[in-house]
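Single-structure report; data block below.
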Amino acid sequence: MNGSIFPLHDARIRSIVVLAAIMLGGAAGCTNDPPAPATAKENFASTLESRHKAIHLVDLSGDKFDLWHQDPAPITVVLFTRTDCPISNRIAPEICRLHEIYHPRGVEFYLIYVDPSEQPQAIRRHLAEYGYPCQALRDPQHTLVAHCHATATPEAVVFNRDRVITYQGRVSDLYADLGSARPQATAHDLADAIESTVQGQPVATPRTRAIGCAIADLKDQQ
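Numbering (my numbering) for the sequence shown: 503 to 724.
And the structure:
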């Protein structure tokens, strides 16, 4: 009888030892693997840092201007432009109309002049000539141009309250292509994007092609 009990007892001990070894081996393997939650946190922190990073432009007095100086941030619309771009000048009435509708609803509008050679006096004359009611800023180092990967004037970008881009591209379909303008626009992409962003809804078409004057690389202007 004793001969039948001890082998069984030994077998159970061996099973417990093997099971413990497997569990310890698995735990060691998990310890050596890179922790997924930490990686996710790092990515999230990187996203927040990029989102809230100061974007320094220059106002017409020559002072630095942080685009995100307001906290909490409002919905923000920026329009890349220049004084001598005929396509930009053609859409000035639409920008003025949108400012009149949406600025009272908490939307900030900024004209971003991308040509570093344009002086404040010329920009002030441009604002007066086209009746722009929104604030003008200069981007001589293309800080915001690079942030948005903007390529043309006019090119509009809409940021929501979390400073995330909800729309980027043309103001409307007034121009089908360079040198090919419609009598009037049939699609008002920027207006639709602002309305959707104000309502907290996704923009139906978040990216369109901006048609206009190419934004020259700073190296080509030196």
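A virtual CB, placed ideally from N, CA and C, is assigned to each residue, including glycine.
Query: By a C-beta neighbour count over all protein chains shown, 10 Å radius and 16 as the cutoff for buried, is Arg672 buried or exposed?; Result: buried
Query: With Asp586 as the anchor, note down where its alpha helix (DSSP H) starts and where it stops.; Result: Where Asp586 is concerned, there is no enclosing alpha helix (DSSP H), given that its DSSP letter is neither H nor E.
Query: So, are the CB atoms of Thr583 and Leu559 less than 8 Å apart?; Result: no
Query: On the three-state DSSP scale, how would you describe Gln623?; Result: helix
Query: Helix, strand or coil: how does DSSP classify Arg599 here?; Result: helix
Query: Could you name the residues of the same chain whose beta carbon sits closer than 7 Å to that of Pro708, not counting the 5 residues immediately before and after it, in chain order?; Result: Thr668, Tyr669
Query: Along the alpha helix (DSSP H) that carries Asp694, what are the first and last residues, could you check?; Result: 691 to 700
Query: Determine the closest residue to Gln621 out of Ala648, Asp641, Asp679, Gly633, with distance taken between C-alpha atoms.; Result: Asp641
Query: By the 10 Å Cβ neighbour count, where 16 or more other Cβ atoms means buried, how is Gly714 classified, buried or exposed?; Result: buried
Query: Taking Cβ positions, are Glu610 and Pro656 nearer each other than 8 Å?; Result: no
Query: Could you tell me the alpha carbon to alpha carbon distance between Asp679 and Ile589, rounded to whole angstroms?; Result: 11 Å
Query: Using 8 Å for Cβ pairs, my map puts Asp694 next to Arg684. What's the rounded Cβ distance?; Result: With a Cβ gap of about 17 Å, Asp694 and Arg684 do not count as contacting.
Query: Pick out whichever of Asp573, Gly633, Leu600 has its Cα sitting closest to the Cα of Leu692.; Result: Leu600
Query: Going by the beta-carbon positions, is the gap between Phe567 and Leu646 smaller than 8 Å?; Result: no
Query: To the nearest angstrom, how far is the alpha carbon of Ile717 from that of Pro618?; Result: 11 Å
Query: Under DSSP, the beta strand (DSSP E) around Val609 begins and ends at which residues?; Result: 609 to 615
Query: Would you report the Cα separation of Phe661 and Pro635, rounded to the nearest angstrom?; Result: 19 Å
Query: Where does the unbroken alpha helix (DSSP H) through Val647 begin, and where does it stop?; Result: 645 to 650
Query: Buried or exposed for Val666, going by 16 or more other Cβ atoms inside 10 Å?; Result: exposed
Query: Exposed or buried, which one is Thr653 when buried takes at least 16 other CB atoms within 10 Å?; Result: exposed
Query: Near His578, what residues of its chain come up, given a Cβ to Cβ distance below 6 Å and the 5 sequence neighbours on each side ignored?; Result: For the sequence presented, residue 578 should be read as Thr rather than His. Result list for Thr578: Glu610, Phe661, in chain order.
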